[in-house]
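Only one structure is covered here, and it is reproduced in the block below.
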Amino acid sequence: MLAITAMLASCSLTMPVNATSNPVGDKVGTAKATGFLGILFFDADASISTAAKNGGITEISTVDIKHTSILNIVVTYETIVTGK
């Protein structure tokens, strides 16, 4: 039972990365990359420019990164951009 609990446990952390002097807009864009063993990412793009494009944002206000890890076997990075 302990092994199953450990395998299903995950850790998630959201960190602010950047903020500009632009006013906070109502648009939000995200981009996600999922990898295995912490290093194997296949065709993943969690860049700020992709997140802004996905949200239709031309003036970026804030950038946050959300990092989720399940025993460092499955790792997900999500970039969250807000702006106009």
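Heads up: the sequence shown runs through residues -19 to -1, 1 to 65, numbered per mature numbering (1 follows the signal peptide of the UniProt record, and there is no 0).
For every residue, glycine included, the Cβ atom is placed at its ideal position computed from N, Cα and C.
Values in this document were obtained by computation on a predicted structure and should not be read as measured data.
Buried versus exposed, by CB contacts within 10 Å (16 or more), residue i
i   : result
T60 : buried
G64 : buried
C-beta contact flag for residue i and residue j at 8 Å
i   : j   : result
I54 : F17 : yes
G10 : A33 : yes
I41 : T1  : yes
M57 : T15 : The amino acid occupying residue 57 in the given sequence is Thr; Met does not appear at that position. Result yes, Cβ atoms of T57 and T15 sit closer than 8 Å.
Backbone CA spacing between residue i and residue j [nearest angstrom]
i   : j     : result
D7  : V44   : 14 Å
V62 : F23   : 22 Å
S50 : A12   : 17 Å
G19 : T39   : 31 Å
L52 : C(-9) : 8 Å
Helix, strand or coil at residue i [DSSP, three-state]
i     : result
T31   : helix
G36   : helix
V(-3) : strand
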